[in-house]
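Everything on this sheet refers to the single structure shown next.
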Amino acid sequence: MAEPVFVGLLFADHIITEKNNKKGIIGTFSKFYAPRFPARFPPWHIYAAVTNLIGEHDFSINLVYDKAQQVIVPINGKIKVDEASAVIELTFRIDGAMFPEEGKYILTFNVDGVQVGSRVLEVLTLPQSGG
Numbered sequence: 000m001a002e003p004v005f006v007g008l009l010f011a012d013h014i015i016t017e018k019n020n021k022k023g024i025i026g027t028f029s030k031f032y033a034p035r036f037p038a039r040f041p042p043w044h045i046y047a048a049v050t051n052l053i054g055e056h057d058f059s060i061n062l063v064y065d066k067a068q069q070v071i072v073p074i075n076g077k078i079k080v081d082e083a084s085a086v087i088e089l090t091f092r093i094d095g096a097m098f099p100e101e102g103k104y105i106l107t108f109n110v111d112g113v114q115v116g117s118r119v120l121e122v123l124t125l126p127q128s129g130g
């Protein structure tokens with residue numbers, strides 16, 4: 000079996016899917032700011048893409064609080080691919096994820112139990128404005 004090829008992994012404010020199945024990815028980011036913790040943020044989205052697969056595969060996307068190795072957002076599913084050249088684009092709306100503390104959160108994208116990509120989301124305390 001060929002190795003999956005990682006295409007992308009993004010955090011975004013919004014993702015829209017047009018009638019022709021094109022994705023509109025709006026407001027990408029790599030940091031969240033909160034006035035206090037634990038914190039919840041308004042709905043946000045994850046975009047993940049992979050290619051060079053054929054057949055049916057399990058996938059998982061996990062956002063893990065690095066310090067405690069605590070899974071904050073677990074996503075699991077199956078993808079079915081007819082052509083190895085197809086780019087499989089997955090989008091997810093995230094509602095109500097609880098971030099226990101400020102710190103580094105790691106998003107991993109796994110296919111058949113093997114990590115194909117990852118990225119960091121920094122969650123920080125909102126700076127106090129002086130005045």
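All residue numbers in the sequence shown are consecutive under numbering that gives the first Met the number 0, ending with 130. Just so it is clear, CB atoms sit at the ideal spot from N, CA and C, and this is done for glycine as well.
A85 and I71 have their C-alpha atoms some 30 Å from each other. Following the DSSP letters along the chain, one finds V122 inside the beta strand (DSSP E) bounded by residues 113-124. Here V113 is exposed. Its C-beta has fewer than 16 other C-beta atoms within 10 Å. Restricting attention to beta strand (DSSP E) runs no shorter than 3 residues, the stretch 78-102 encloses them at 87-93, ordered along the chain. In summary, P3 is buried, with 16 or more beta-carbon neighbours lying within 10 Å of its beta-carbon over all protein chains present. Taking the CA atoms as reference points, E88 sits about 6 Å from A47. Take L62, set aside five residues on each side of it, and the residues of its chain with a beta-carbon closer than 6 Å to its own are I71, V72, Y104, L106, in chain order. Relative to the Cα of D111, the nearest Cα in the group G54, E121, T124 belongs to G54.
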